[in-house]
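The UniProt record's numbering numbers the first residue of the sequence shown as 1 and each following residue consecutively. All residues carry an ideal CB built from backbone N, CA and C; glycine is no exception.
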Amino acid sequence: MSTIITPHTDTRMAEIIHKVRSGERLSLEDGVYLYESEDILTIGQLANEANLRKNGKKVYFIENMSLYFTNVCEAHCAFCNFRKDEGEEGSYTLSGPEMVEYVKQHIHPGVREFHIVGGHNNHVPFQYYVDSLKALNEAFPEVTLKAYTAAEIDFFTRISGMNVREVLMKLREAGLQSLTGGGAEILSDEYRKKMRVNKANVDRYLEVHRTAHELGMRTHTTMLYGSIETYEDRVNHMIQIRELQDETNGFQVFIPLSMQPKSKNASIMRRNSAYEDLKTIAISRLMLDNIDHIKAYFINIGTQLTQMALTFGASDVHGTILKEKISHAAGALTPEGLTRKELVWLVKGAGRIPVERDTFYNEIKVYE
Ligand code: SF4
Numbered sequence: 001m002s003t004i005i006t007p008h009t010d011t012r013m014a015e016i017i018h019k020v021r022s023g024e025r026l027s028l029e030d031g032v033y034l035y036e037s038e039d040i041l042t043i044g045q046l047a048n049e050a051n052l053r054k055n056g057k058k059v060y061f062i063e064n065m066s067l068y069f070t071n072v073c074e075a076h077c078a079f080c081n082f083r084k085d086e087g088e089e090g091s092y093t094l095s096g097p098e099m100v101e102y103v104k105q106h107i108h109p110g111v112r113e114f115h116i117v118g119g120h121n122n123h124v125p126f127q128y129y130v131d132s133l134k135a136l137n138e139a140f141p142e143v144t145l146k147a148y149t150a151a152e153i154d155f156f157t158r159i160s161g162m163n164v165r166e167v168l169m170k171l172r173e174a175g176l177q178s179l180t181g182g183g184a185e186i187l188s189d190e191y192r193k194k195m196r197v198n199k200a201n202v203d204r205y206l207e208v209h210r211t212a213h214e215l216g217m218r219t220h221t222t223m224l225y226g227s228i229e230t231y232e233d234r235v236n237h238m239i240q241i242r243e244l245q246d247e248t249n250g251f252q253v254f255i256p257l258s259m260q261p262k263s264k265n266a267s268i269m270r271r272n273s274a275y276e277d278l279k280t281i282a283i284s285r286l287m288l289d290n291i292d293h294i295k296a297y298f299i300n301i302g303t304q305l306t307q308m309a310l311t312f313g314a315s316d317v318h319g320t321i322l323k324e325k326i327s328h329a330a331g332a333l334t335p336e337g338l339t340r341k342e343l344v345w346l347v348k349g350a351g352r353i354p355v356e357r358d359t360f361y362n363e364i365k366v367y368e
């Protein structure tokens, strides 16, 4: 393992390097210092070392399909271009059988996960969301259902009158096996107020994942960065995730989501810079010492930057997806999905070893 970044003339950075190499946990101040530093190569190399220690050169991906049952949403998050009001042009709500039909027309051999998210549609009952999963599970029993965000679970408690545990158990009976990571945005109630994130608050987001982990589910988690939040907000977000992971060990992967620029309501006119994206991936790797994987999400940062991210601490490139809708509604300029062959090429092109996985990171095939 390379040690070219020591000795370091920046004594504060040298302290952080020492901490990471000796397995000492980074503090809020350390994380903010890294964000404020211009020394992206040292940060990247340190994150690369941390990742190589955990994962070697393996980089994971899955054959999956993203599905969106409805885009009707009662919430009005300032950054969202996906949501519609009921009856608005372009709004839709698919029944279980309609979704099954859609999947039959588009699925290809090898798909082992449905990634399912959507709007908080209060024009249909909770049973609709249960039946949607049941229909997919009955039609495609071999495909894992990774469905709904913690914010959607919180919404279901409101429309059903059930508590988080009861909602999760009901969905699990219908086939739910894992939760998606969305809805975290930035884990700060102040941020949520300013960005009109009128859905699960910080405590609730964490409570839903905690309960899912207690029920034996392993879940994903995210951070949507690049709008009004401070560096301190971002690092504090990571620390809250890290603390819950200490308690439950239920998160499989952390996914930094780069804000897309077409979010007119939030006045976000520009994309994050490649510099900011790589730094965020690297700092996530360094702060989250207890989560196995950091994901480089090609949908939001592009395929070439994803390749770079693999030497800045990332060890997962998500999956085939087929047709992504949420980030593309917000102006993503990237492909809506990639084939298995393209993902293998992407990872190999970065000098890493592609590994096809299932939802739970069991290895299906190593592409040496
Ligand atoms: S981000 Fe999700 S919850 Fe917020 S408005 Fe969009 S669809 Fe609704």
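What is the residue span of the beta strand (DSSP E) that residue 356 lies within?
Taking the sequence shown and counting its residues from 1, one reaches residue 356 at position 356. It spans 353-357 - the beta strand (DSSP E) in which residue 356 sits, taken as one unbroken run.
3 or more residues per run - each beta strand (DSSP E) lying fully within the region 90-141
Fully enclosed beta strand (DSSP E) runs of 3 or longer: 113-116.
Across the region 64-72 and the region 49-56, are there enough close Cβ pairs to call them in contact, namely three or more that are closer than 8 Å?
no
Find the nearest neighbour of residue 341 within the set 331, 325, 319, 117, judged by alpha-carbon distance.
Mapped onto the sequence shown, residue 341 falls at position 341. Among 331, 325, 319, 117, the Cα nearest to that of residue 341 belongs to 319.
Short Cβ contact (8 Å threshold) for residue 250 with residue 219:
Indexing the sequence shown from 1 puts residue 250 at position 250. Indexing the sequence shown from 1 puts residue 219 at position 219. Yes, Cβ-Cβ distance for residue 250 and residue 219 is below 8 Å.
Residue 140 at chain B interface by Cβ criterion, 8 Å
In summary, chain B is missing from the structure at hand, where a single protein chain is found.
Any heavy atom of the ligand SF4 closer than 7 Å to the beta-carbon of residue 156?
The residue given as residue 156 occupies position 156 in the sequence shown. No; taking the cut-off as 7 Å, the Cβ of residue 156 has no heavy atom of the ligand SF4 nearer than that.
At the level of alpha carbons, what is the spacing between residue 109 and residue 154?
Position 109 of the sequence shown holds residue 109. Position 154 of the sequence shown holds residue 154. Rounded to whole angstroms, the gap between the alpha carbons of residue 109 and residue 154 is 34 Å.
Reference residue 45; option with closest CA among 281, 356, 298, 199
Within the sequence shown, the letter at position 45 stands for residue 45. Among 281, 356, 298, 199, the Cα nearest to that of residue 45 belongs to 281.
Confirm, please, whether the CB-CB distance from residue 187 to residue 202 is below 8 Å.
Translated into the one-based positions of the sequence shown, residue 202 becomes position 202. Translated into the one-based positions of the sequence shown, residue 187 becomes position 187. Yes. Within cutoff.
Mind listing, in chain order, the continuous beta strand (DSSP E) runs of no fewer than 3 residues lying wholly within the region 295-342?
316-319
Is residue 408 near the ligand SF4, with its Cβ less than 7 Å from a heavy atom?
Not covered by the structure: residue 408. The range shown for the chain is 1 to 368.
What are the uninterrupted segments assigned as beta strand (DSSP E) that are 3 or more residues long and contained completely in the region 34-86, given in chain order?
Correct list: 58-62, 64-67.
DSSP three-state call for residue 156: helix, strand or coil?
As a first step, residue 156 must be located in the sequence shown, where it is residue number 156. In the structure shown, residue 156 sits in a helix (DSSP, three-state: H, G or I).
Can you check whether the CB of residue 143 is closer than 8 Å to the CB of residue 113?
As a first step, residue 113 is located in the sequence shown; it is residue number 113 there, counting from the start. As a first step, residue 143 is located in the sequence shown; it is residue number 143 there, counting from the start. Yes, the Cβ-Cβ distance between residue 113 and residue 143 is below 8 Å.
Other residues of its chain near residue 8: CB distance less than 8 Å, five sequence neighbours each side excluded
For the purposes of this step, residue 8 is taken as the residue at position 8 of the sequence shown. Cβ neighbours of residue 8 beyond the five flanking positions: 14, 17, 42.
Hey, is the region 311-325 in contact with the region 241-249, meaning 3+ C-beta pairs nearer than 8 Å?
no
Decide if residue 360 is buried, meaning its Cβ has at least 16 other Cβ atoms within 10 Å, or exposed.
Position 360 of the sequence shown, counted from the first residue, corresponds to residue 360. Residue 360 should be labelled exposed.
Which whole-angstrom value is the C-beta distance of residue 48 and residue 351, which I expect to be below 8 Å?
Numbered from its first residue, the sequence shown carries residue 48 at position 48. Numbered from its first residue, the sequence shown carries residue 351 at position 351. Contact annotation, residue 48 with residue 351: C-beta distance approximately 11 Å; criterion of less than 8 Å not satisfied.
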